[in-house]
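The working numbering puts the sequence shown at residues 14 to 313.
No residue lacks a Cβ here, since even glycine has one placed at the ideal position from N, Cα and C.
Structure, as structure tokens:
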Amino acid sequence: MKIIVGSRGSSLALTQTNWVIERLKEKHPEVEFKVKVIQTKGDKIKDVALDKIGGKGIFVQEIEEQLENGEIDMAIHSMKDMSTSIPDNLKFSYVPQREDYRDILILCREYKTIDELPKGAKIGTGSKRRKYQLLNYREDLDIVPIRGNVDTRIRKIESENLHGVVLAAAGVKRLGLENSINYNIFYLEDDLVLPAPAQGILALEIKRGREDLESMLKCIEDKEAKIQAEAERAFLKGVNGGCHLPIGALCTINGDRVKVDGLLGKEDGSKLIRKVLEGNINEAEDIGFQLAEMVLKEID
Numbered sequence: 014m015k016i017i018v019g020s021r022g023s024s025l026a027l028t029q030t031n032w033v034i035e036r037l038k039e040k041h042p043e044v045e046f047k048v049k050v051i052q053t054k055g056d057k058i059k060d061v062a063l064d065k066i067g068g069k070g071i072f073v074q075e076i077e078e079q080l081e082n083g084e085i086d087m088a089i090h091s092m093k094d095m096s097t098s099i100p101d102n103l104k105f106s107y108v109p110q111r112e113d114y115r116d117i118l119i120l121c122r123e124y125k126t127i128d129e130l131p132k133g134a135k136i137g138t139g140s141k142r143r144k145y146q147l148l149n150y151r152e153d154l155d156i157v158p159i160r161g162n163v164d165t166r167i168r169k170i171e172s173e174n175l176h177g178v179v180l181a182a183a184g185v186k187r188l189g190l191e192n193s194i195n196y197n198i199f200y201l202e203d204d205l206v207l208p209a210p211a212q213g214i215l216a217l218e219i220k221r222g223r224e225d226l227e228s229m230l231k232c233i234e235d236k237e238a239k240i241q242a243e244a245e246r247a248f249l250k251g252v253n254g255g256c257h258l259p260i261g262a263l264c265t266i267n268g269d270r271v272k273v274d275g276l277l278g279k280e281d282g283s284k285l286i287r288k289v290l291e292g293n294i295n296e297a298e299d300i301g302f303q304l305a306e307m308v309l310k311e312i313d
């Protein structure tokens, strides 16, 4: 059996894809996997803000097209890059274990925490969600737009004379950079910056009807990550979210209870609404949708 796996070509995308393949090989050594690198619109246009070139889905569309056409058997994405709706003939298969959901602030060597930064410190991020939550905590910060892969953004601390940049902890950890970056890492806990919905979760996308793949992918399933993805993406869908608005969500599980924390802001950051809703674990997705209704009522 040979499986062709579609992936973006960035070092992080390929690291994530190979991580999944290694987990699958442990249980299915008889299967041959081949990675096919596919360039997406988001990879080609690197100097324009995401919300100006289409928002969510710009790292996905070309890969999904090849999945629909049968040129690849499976696609591996960062779940946070996925639109709230995917083509009808495609589906998400089992969800693997979640990596760290937090954001991190990578700071130049003089500073160790966000509170140590001088007034007017320049912080790089292309995310409105990160920008306006940071400004909500410290309104004096100078948030400047940056894009690029993990390495590129870290290099911009020097090349653009920044005090720091914001990245997803998941990417830094998956690339094994946590202990090798020659800068200080400050974790932005969720009380300060709520992560993007499904941040740190991988999406394994396949064509509907591929029971052969489904049975093979079952071995990688993490039930907790699946519930978190469903609840957080329900919130995202409920607020009709994309890259144009600051949106954050986090589902935490404690026994048979879940807590969903959701954030929605105006496009210019003039208003941020953050609410929490708790309930039974079996209703996690519904709780995400209910929470979306709550914040939408207050944002208008």
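Where SER172 is concerned, there is no enclosing beta strand (DSSP E), although the alpha helix (DSSP H) around it starts and stops at 163 to 172. Cβ atoms of GLU218 and ILE51 stay farther apart than 8 Å, at about 12 Å. Within the same chain, LEU120, ARG122, TYR124 and LYS125 come within 7 Å of ASN197 by CB-CB distance, once the 5 residues on both sides are set aside. The DSSP-derived three-state label of ALA305 is helix.
With respect to the 8 Å criterion, GLU77 and LYS54 are not classified as neighbours on the basis of their beta carbons. Around the Cβ of SER91, a 10 Å sphere holds 16 or more other Cβ atoms; the residue is buried.
Burial check for GLU112: the Cβ neighbour count within 10 Å reaches 16 or more, so the residue is buried. Taking a contact to require three or more Cβ pairs closer than 8 Å, the segment 165 to 174 and the segment 95 to 109 do not qualify as touching. Between the C-alpha atoms of ALA305 and GLU245 there is a straight-line separation of about 10 Å.
Boundaries of the beta strand (DSSP E) around SER91: 87 to 91. Taking all protein chains shown into account, SER20 has 16 or more neighbouring C-beta atoms within 10 Å of its C-beta and is therefore buried. Contact annotation, THR138 with ILE127: C-beta distance approximately 13 Å; criterion of less than 8 Å not satisfied. For SER24, the enclosing alpha helix (DSSP H) stretches over residues 24 to 40.
Separation of GLU45 and MET87 (C-alpha to C-alpha, rounded to the nearest whole angstrom) is 13 Å.
In this structure ALA216 touches PHE105 by the C-beta definition: roughly 6 Å separates them, less than 8 Å. Excluding residues up to 5 positions away in sequence, HIS41 lie with their Cβ nearer than 6 Å to the Cβ of MET229 in the same chain. Apart from the 5 residues on each side of it in sequence, ILE71 sits with its Cβ closer than 6 Å to the Cβ of LYS54 and GLY55 in its chain, given in chain order.
Per DSSP, reduced to three states, the secondary structure at LYS186 is helical.
ILE260 and GLY189 have their C-alpha atoms spaced approximately 28 Å apart.
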